[in-house]
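>
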Amino acid sequence: MILDENLRSQLLPYMDLLENPIILKVDADDSENGQKINEFTDELASLSDLISKEKTNLNHKPAFSIEREGVSGLVFSGLPLGHELNSLVLALVQVSGRPPRIEQELIEQIKAIKTSLHFDTYVSLTCHNCPDVVQALNTMTILNPNISHTMIEGGMFQAEVEAKGIMAVPAVFKNGEEFHSGRASLEELLEKITGPESSDSFAEKEPYDVLVVGGGPAGASAAIYAARKGIRTGLIAERFGGQPLETLGIENLIGTPYIEGVQLGRQLEEHVKKYPVDLMNLQKAVKLEKKDLIEVSLANGATLKSKAVILSTGARWRDLGIPGEQRFKNKGVAYCPHCDGPLFSGKDVAVIGGGNSGIEAAIDLAGLVNHVTVLEFLPELKADKILQKKLASLTNVTVLTNVETKEILGDEQVTGLNYQVRGSKETIHLELAGVFVLIGLVPNTQWLEGTIDLTDRHEIVTDKVGATNIPGVFAAGDCTDTVYKQIIVSMGSGATASLGAFDYLIRN
Ligand SMILES: Cc1cc2nc3c(=O)[nH]c(=O)nc-3n(C[C@H](O)[C@H](O)[C@H](O)COP(=O)(O)OP(=O)(O)OC[C@H]3O[C@@H](n4cnc5c(N)ncnc54)[C@H](O)[C@@H]3O)c2cc1C
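FYI, the numbering for the sequence shown is 206 to 713, going by my numbering.
1. Looking at alanine 423 and ligand 1, is the gap between the Cβ and the nearest heavy atom below 7 Å?
2. Could you pull out every unbroken beta strand (DSSP E) segment of at least 3 residues lying fully inside the region 314–351, listed in chain order?
3. Where glycine 283 and leucine 229 are concerned, what is the direct C-alpha to C-alpha distance, given to the nearest angstrom?
4. Is the distance from the Cβ of valine 300 to the Cβ of isoleucine 271 below 8 Å?
5. Looking at the strands, I want to know which residues DSSP matches up with alanine 507.
6. To the nearest angstrom, how far is the alpha carbon of phenylalanine 641 from that of phenylalanine 362?
7. Out of curiosity, what's the CA-to-CA distance linking leucine 592 and glycine 559?
8. With burial defined as no fewer than 16 other Cβ atoms inside 10 Å of the residue's Cβ, what is the status of alanine 408: buried or exposed?
9. With aspartate 232 as the anchor, note down where its beta strand (DSSP E) starts and where it stops.
10. By how many angstroms is the C-alpha of glutamate 530 removed from the C-alpha of aspartate 722?
11. By a C-beta neighbour count over all protein chains shown, 10 Å radius and 16 as the cutoff for buried, is threonine 331 buried or exposed?
12. Hey, could you find the ends of the beta strand (DSSP E) phenylalanine 641 is sitting in?
13. Rounded C-beta distance between threonine 320 and asparagine 351? I'm assuming under 8 Å.
14. How many whole angstroms separate the CB atoms of leucine 217 and leucine 252, which I take to be in contact at a CB cut-off of 8 Å?
15. What's the gap between the Cα of tryptophan 652 and the Cα of asparagine 601?
16. Quick check: is any heavy atom of ligand 1 less than 7 Å from the C-beta of serine 703?
17. Taking 7 Å as the limit between beta carbons, can you name the residues of its chain near lysine 379, skipping five residues before and five after?
18. Secondary structure at threonine 610, three-state DSSP: helix, strand or coil?
19. Please determine if the region 653–664 and the region 672–690 are in contact, where contact requires at least 3 C-beta pairs separated by less than 8 Å.
20. Can you list, in chain order, the residues of its chain whose CB lies under 7 Å from that of glycine 506, leaving out five sequence neighbours each side?
21. Quick check for students: name the residue ranges of the beta strand (DSSP E) that lie wholly in the region 505–548, counting only runs of 3 or more.
22. What whole-angstrom Cβ distance do glycine 439 and methionine 485 have, given they're in contact under 8 Å?
23. Would you report the Cα separation of glycine 420 and threonine 578, rounded to the nearest angstrom?
24. Between isoleucine 613 and phenylalanine 533, how many whole angstroms is the CB-CB distance? I'm expecting something under 8 Å.
25. Quick one, which of Val276, Phe245, Gly239 and Ala513 has its alpha-carbon nearest lysine 266's?
26. Can you look up glutamate 443 in the DSSP assignment and give me helix, strand or coil?
27. I need the DSSP call for glutamate 224, collapsed to helix, strand or coil.
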């Protein structure tokens, strides 16, 4: 039985949400995987009288599609379990006729796509970045008959994954061509399909009282605090949600004992949207200038004006900055062990970085791959002792300290790396299939260099109320010189900066 009692009890409540009969159209032979698909679809059909099953021919098999009269093209090739269980639930209820919970504007943009598009998305069931992409492309498929989408579970189609050279998931192919790799929201995928929003729509925007730059916990908090004062508030974000979107589970947001990072990102957006905040997602700030008003230029060419600005651009994973790293990104150089770890099953990998995130990654990977080599630049690992103890108990991990990784090598994909023991000139080669880089974060402030006071770690210098050296410009969260980089700290500093900005507006 694939759908055990636990999974059945998770799925059953959603069966009440089915609005119309749906058909599982199955293409599965007698192979082991074919039998699994057959068994799984039998068990799904037994959950509701509104679900029936029949045979069909599908391009990618074994697989099943979920269809209703007038709605087709949504296919699961493999079992949508693990992190994809939600994708299955949403597909069932949305194909049955329940409208997707997305803005009308997006629905219209999707329906306006006239070209015929087929997407294949390769996923791993432990990838927390994959469901958003699968669900976005499924929603497009349901809304537009020109679009179809097949989710392909990499574990079931390992030979195919290797043949295509996929080393990072989700990996999306559009009409057979590589289209996208990694996490993406529906808005991001739509923008990639239809092209970026023109800067014309920004030309008419009146100046804001407060313009927040950044849509993570700090920016969301700053925008809500500003809007609650009844002042004109705007928020631009390269990717709304920020680092929580990279986080599996959060257990230290006080008052919320556990929440998945992606869910927190959604809740931040819903909360911001409860207020009249002009939320401009997928927009990158590239320049800040203090004139009569403060002007923020965007990558799309538009310029927004505001009386006060709150910078909350957070941080991103630090790159190694060595030859081969950029060339082999998603071709063996990876940053997300949860997502991409299963693709290295049975192979040798390295983890660069001996801090908490590096050692957690090494422990996770040791359960999936043949062998893990940890490379740490300092003479000792920096991770908590409890993690080091766990690492030391694993038999397929080697730890190298006091070493410098010099180069990542490969042909089409990573084949190894070169390192040196610090102080020595001898280059040592390791043969590997994957390199996971986990060497900490850097603040997203490069666009502010020379404009605003930064510390030598490139963090924005702030005072007690979040004010920077430029009058009217405030900052909050991980992009600042705050000592602790945490969600709750960022939310608090976003609130502080917003109240500081409001006070500034009253006095000026
Ligand atoms: C893997 C991982 C796990 C973590 N786990 C936890 C945890 O369990 N608990 C915890 O408290 N903290 C955790 N953290 C830390 C926490 O996520 C951060 O401290 C917090 O998200 C910082 O919030 P922020 O708003 O300052 O920045 P971010 O979350 O980084 O958000 C920055 C925002 O600014 C946008 N942006 C960046 N540059 C620009 C630009 N030029 N123009 C426009 N927008 C821009 C980004 O797209 C994003 O929307 C974790 C971090 C990581 C990476």
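Ideal Cβ positions, reconstructed from N, Cα and C, are used throughout, including at glycine. The structure displayed is predicted, hence computed values, not measured ones.
Quick answer:
1. For ligand 1, at least one heavy atom lies less than 7 Å from the Cβ of alanine 423.
2. 322–328
3. 14 Å
4. In this structure, valine 300 places its C-beta atom within 8 Å of the C-beta atom of isoleucine 271.
5. Answer by DSSP bridge pairing: none, since alanine 507 is not bridged.
6. Spanning the two alpha carbons is a distance of roughly 23 Å.
7. C-alpha of leucine 592 to C-alpha of glycine 559: approximately 10 Å in a straight line.
8. exposed
9. 227–232
10. Residue numbering for the chain in the displayed model covers 206 to 713; residue 722 lies beyond these limits and cannot be assessed.
11. buried
12. Going by DSSP, phenylalanine 641 is part of the beta strand (DSSP E) stretching over 639–642.
13. 7 Å
14. 6 Å
15. Distance between the alpha carbons of tryptophan 652 and asparagine 601 is about 42 Å.
16. In this structure, the C-beta of serine 703 stays at least 7 Å away from each heavy atom of ligand 1.
17. Leu322 and Phe324
18. strand
19. yes
20. Ser404.
21. 508–516 and 520–522
22. 7 Å
23. 36 Å
24. 6 Å
25. Gly239
26. coil
27. In this structure, glutamate 224 counts as coil in the three-state DSSP scheme.
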